[in-house]
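A quick write-up on the structure given underneath.
Chains as they are written, first to last, in this note's numbering: chain A, 1 to 910; chain B, 1 to 910.
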């Protein structure tokens, strides 16, 4: 399904130009009762908000009527550099007329005033990223008569005040703070604390000063004509699609291929018409835990923005029973209707105007990974969805969240609790306190772990939130900006820690009487809301309950095996716990960098002759053997692909004078010799240099030592009654002859060690294969396969050589390439299916042609990338291999790939 | 034909193992009159010498009978580490018996003695590289009665003396010089000058001392049993296959895939039986010029080695008319028979024993390129061969010889002539005098041009001869070692410059009274034999006469176009003279390195912003435009593929402090800035870095300048009524989108310049294409071809990325790889058909699939390599492009490829 959606999106991109040229396209869709034109499926053009408003109308829910200007209109607006496409004006006017007729009210008509909100809404939700204007249609004349009519002049003036402020800020760029300063000064003049305490007279004064500020800043009068207001507001929403924070949000969240934002123009309803009015947001289930319980917050006498912005702390939805039990009851009914209709957890917005409930939004609720798992598993139990749907519903990359470590319970108990806030996004994090997003990014760039502490976060803080380990806010609720964004990011977040008083200027905060300065360590438990002083140890996540249930289903659906890349017994054990079915890549060189080993390695490289090299290698042999024993034991009989030495030898030598002096002293050679060797080994293009199987072919003694270590370890472990399945992998093969010769050498050593240990050949099978990472190998895989028991695609290097990108250097152009759309994704993150993928495909076809039993896997970092896993499934690999942490992600992605394939086949059959 | 032969050779390699295991194979072939078993086609197993001895027997020519032990037996001998394969002993004995019967003589029988020679002979001639033993079968008893019987005891003792010396030296490794010292001392004792002046008594003394020396050195007595002598001699010949100079010769001459050497055991005939005996070598035509005139030399009363070694200066073959007119007449007849039979010029050896002529060898004669051209063209006129055969007969890589410059006639006339030797190998060379092969190699490694001066050369000098510009010897004739080897190498050589007295120890020689010291410049004219003091200017070769005739035929046969890689008007003009049909690769970056240009280039790179870059580029524009005007004019309407800037920018910046300081001063920036820029631009793997089209996509202003220069130049030249056909090439494209964007930019600039100059679009067509050098591009050529008018395969980079070899670093393993047989040839010299070739093939198929009119060429250095040209033909390219000098080579190779294809098709049709 998602695959289909992606395809559709792509098609859209390519037809974009044509779209803007065909000007007969419908640009505005009405919604409201039976006259509703749109539907939920039209998210691409109506945006999520618009499509769902239409859908709710169709479901008979109480939605204030309005209309949606399509994202295609927005795209045309961008193409036309800020002009409206032909026909848009007419369509907007026609829909305004329709709306006025339905509401029996008119924009700007003091007798029966229609007020509207103007909101953005793209196909993919980008909370708080784009602009909104409320109360549009107000002007002094209207305000006066409206106030009179409602018998609530104060409300009318407050609405006007809000409108000027929002319009000035959002549409015209008048600084928000200037408005706030005026409001603050009037409050002081009147000696009141809260906005709601300002009386009509005070509001008159505020409005007067606001209008003056507006004129001063914009050099024009505040528009009186509602149509002018509307046009400017629509333009502002269109324009906000490309504001820096929206662009950054899309970048961070990998949102691509959208046309733009739709614009929803909707009849205003007011939650701030006094104490019988209110507004709220809710999730049909708990978005943090997934518990099947209505979960939301509301504020009486407030507009929606008050809740979302987290300025006042709202009350739990259940408390609505006291204020308006009928509305709560209706909401509970709507909750059921929506879940039954959408078959998923919904995130809704509502407003109560003088006791009457209005639905302003519904959308699929964002949730933590834990919640996603629970909701999916519960909905299967509730027979709302199937197991297949449940598995398909979890975003594999979000799984990271439940895999993150939590605090070690003992350490947490012992830690100094500062305060408890809201458990806004689960997980545990320790870090040094910083008070601004910039600091967070700077410190993180220096590899510092930081906790971003803010009174409240705003969209400008996105970068800093991303850089931080966790986020702590003093204000705001579970649906505040900080909470929503953190959950989306899978970051630990504690929100609304009211006890904290923050002074970001001086770099200090006081919590529960304790002063915490910039740079001090604190720890957050995002699952409980606890804030601790100091650093707390973490423990590995427990992979049980819903996780286990869902992954169990996934494992049944998937065809691809999932292995791990691990070089130590510790990582191996962790990966096995995560469900790894073996090791797909054990990089032996990592074993050479510790302590004595690097010395022996350097001695080997610096040796003058074969004898010298053999002497040094003899020192490495027992260490390598022990490593393999540990790894084989941790694998408990699972297969283990071990790659022989791969990196160029110069990587093991010190390049600085001190290091060279030290090694010269320890080994007892002249420093000149060390220097000479370093120079002799240095390379112009190490990526294409003397490495991989080339090393073992020129210096067979290296291979001999490594193979001996592997085989001796295997025999040892086998003798302790643990099964072993070693697979020896020859790296960087480009030509069949390389593998043929290397294989012969390896087989000879195996034979020797078997003989020494009196092992019968068949009793301990050791397969021998190669990495396919050189393009030449991919296109001659038929020849290479004749000498290989398995191929493992080294897609990192295959990308480097296939695309001609040095990973270390590509930073100079690759990000720009992605920006320019030359590559859809960074090919080092998601496998470049169209190019490197073709090489893989060729190798698979060719390899299986000459060797039907050839086992195929991938061990590049792409093995843990969901998109790439789907490719690996499609192309017919046997397994993917990735870092331990990504194993569950790969398992889930593999299952989804299998399910999508099944459904595509079904569709094709129809 | 050659193609077929190569294939056969390959098959042989792969079946080698099997061959040595199947022990029923015939290992010895008899030759002699009607009992002859072998034939000319069996060179692979009988060697060239053995096969042709058999063939001559079949032609009824007078050949002393004998037998040939196959190269397969030699291979088995190597495999068995010096043991004879099963059955060989029996076969040798059987053939000895047969020979004894035919000759009515017996090995070791004093009454009727059979003496034999034992000579090596591989499938491909390796003159002087392997061992020979003459007079085998002699022992004191035999010598005595033989001498008595012949009435010439002195001859018998001299033969014995020679046998001990040769056997001792060749078979047992007794130093040659020790024997010579004994001979010299006896000559002094007897007060004689020449060997032939030693009487029987003196020879007795020599033999006695020789036998003592032999025993002292070998710690065993000289063998008396002829069968023991024979076995040891055969082993020595087998073993000589792998002696260092034979291995080096094969390496230098790219001789591969042979099994080993055959061994010819042949009845001795004696050229040293007095003044009615003699020996000689001859070519059926002149091997230096190709003139259809019998060409040879002989020495009376001498053995063959005396002629070849160049110790005595022989007399021209025509002088034989005085000594033995019948023999000369018979030789002239044989010359005709052989040329008619072999349809090629033959190189023969003969001996006259007491007036009777014996043929000892015939083989295809080595010749200079000029001779090869003349012989081929003449033989067509003589209706011996067809034009196709003539074209197929010239080795394209040998053409280099006739393309080499000769002395400028004026300068040569003005130069100081020292002496005249024999014009042993044509061409002209100037260099500093060195007196040993080691010196020659050392100096050449330091980029010194040297002339190797030797009294006579020997096989040990091969390396030095290869390193030298030319060779001068004081002794030896046209068929001496120096002459034969130099012609094979295409080196200029003057031999037998008798006026020269050389003292290599003191590093001096005196020619015609002039002292020439080590390091002094001399010049050689290999076509006249002139030796000059000092350095002489050279002129370009004239490409007329036979060359023109044959190349004219070649051009009619070939399908592939041939272009050149040239960046200057001068090179372009030269290439056009060589027959280039356009430029396949004009590297614009080469234009940026001279004088002011590099400054402007550096200014561009160091600029802070677009404006700065544009300012610097504006300085480069007129210079680039002028370059293109010159090139377009030199091309006279031929197409010109111009590649936009390709190398990484850091290549243009100075990397040393002085250079950085200078540029900082000139441009007026701080040196720190220069340093920072150099550091910022430095790359880990520049080959895979920020270069090629990536530059122009990130800095479009560079492309804009270059395209403007091209188009403005084209308009200028077109306006001067010269046709222009510019083709703009975007380098390093890996993905269709890159080309699509770059093409759009280029088209925009073309449009602008056309508009400015009021040029109608159709009146000056400019095609736009790309280089295929990134593996990704090759496998996605279908997508890329949609945006390209042409592809040019950049096989240098395609090899680097395809095989994962950095050309700059591969020296650490690639030579070893070729040695190990992993690669048959250095893939940077001959296109790796099996791997990189597959990528090319894929790209050709895919590219033509989406773009039927796609023009395809190759512009890597492989474009001038005959083997690679054949591949390009086969794979269906439109043209190859190579350096100007290699254009004729490519033309000929292309013709041969076409002819071979035709004949293969014919064969297939049968």
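C-beta: ideal position from N, C-alpha, C; glycine also.
In three-state terms, what does DSSP make of residue i?
i: residue 382/A; result: coil
i: residue 319/A; result: helix
i: residue 270/A; result: coil
i: residue 423/B; result: strand
i: residue 160/B; result: helix
i: residue 222/B; result: coil
i: residue 239/A; result: helix
Quick one: list the residues of chain B neighbouring residue i, beta-carbon separation under 7 Å, in chain order.
i: residue 806/A; result: 683, 684, 685, 688, 689
i: residue 801/A; result: 775, 801, 804
i: residue 694/A; result: 813
i: residue 698/A; result: 813, 816
Once you ignore the five residues that flank residue i on each side, which residues in its own chain have a CB closer than 6 Å to its CB?
i: residue 711/A; result: 750, 753
i: residue 388/A; result: 899
i: residue 2/A; result: For residue 2/A, the pLDDT reaches just 39, beneath the cut-off of 50, and the residue's location in the model is therefore unreliable, although a value from the coordinates is still provided. Hits under 6 Å: none found.
i: residue 22/A; result: Reliability of the predicted coordinates at residue 22/A is poor, the pLDDT of 48 falling under 50, and the value obtained from them is presented with this limitation in mind. Excluding residues within five positions, none has a Cβ falling inside 6 Å.
Within its chain, find whatever has a CB closer than 7 Å to the CB of residue i; leave out the 5 residues flanking it on each side and keep chain order.
i: residue 947/A; result: Not covered by the structure: residue 947/A. The range shown for chain A is 1 to 910.
i: residue 589/A; result: 645, 646, 647
i: residue 687/B; result: 800, 806
i: residue 154/B; result: 199, 200, 203
Go through its chain and collect everything with a Cβ distance to residue i's Cβ below 8 Å, but skip five positions before and after it.
i: residue 297/B; result: 280, 281, 282, 307, 314, 315, 316, 317, 477, 478, 479
Strictly below 9 Å CB to CB, what residues from chain A border residue i?
i: residue 737/B; result: 817, 820, 821, 822, 823
Return the CA-CA distance between residue i and residue j, expressed in angstroms with no decimal places.
i: residue 616/B; j: residue 745/B; result: 20 Å
i: residue 722/A; j: residue 637/A; result: 6 Å
i: residue 440/B; j: residue 98/B; result: 50 Å
i: residue 31/B; j: residue 57/B; result: 7 Å
i: residue 741/B; j: residue 697/B; result: 8 Å
i: residue 639/B; j: residue 841/A; result: 38 Å
i: residue 169/A; j: residue 115/A; result: 19 Å
i: residue 60/B; j: residue 340/B; result: 14 Å
i: residue 654/A; j: residue 669/A; result: 14 Å
i: residue 867/A; j: residue 830/A; result: 7 Å
Run down chain B in chain order and give the residues with a C-beta less than 8 Å from the C-beta of residue i.
i: residue 741/A; result: 820, 822
i: residue 254/A; result: By Cβ distance, chain B contributes nothing, its closest Cβ being about 19 Å from residue 254/A, past 8 Å.
i: residue 769/A; result: Residues of chain B passing the Cβ test: none, with the nearest at roughly 18 Å.
>> Under 8 Å, CB to CB, which of the residues in the region 831–865 of chain A have a partner in chain D?
In response: In the displayed structure, chain D is absent; the protein chains listed are A and B.
> Curious, which full-length alpha helix (DSSP H) runs of at least 4 residues does the region 589–643 of chain A contain?
Replying inline: 595–606, 610–635
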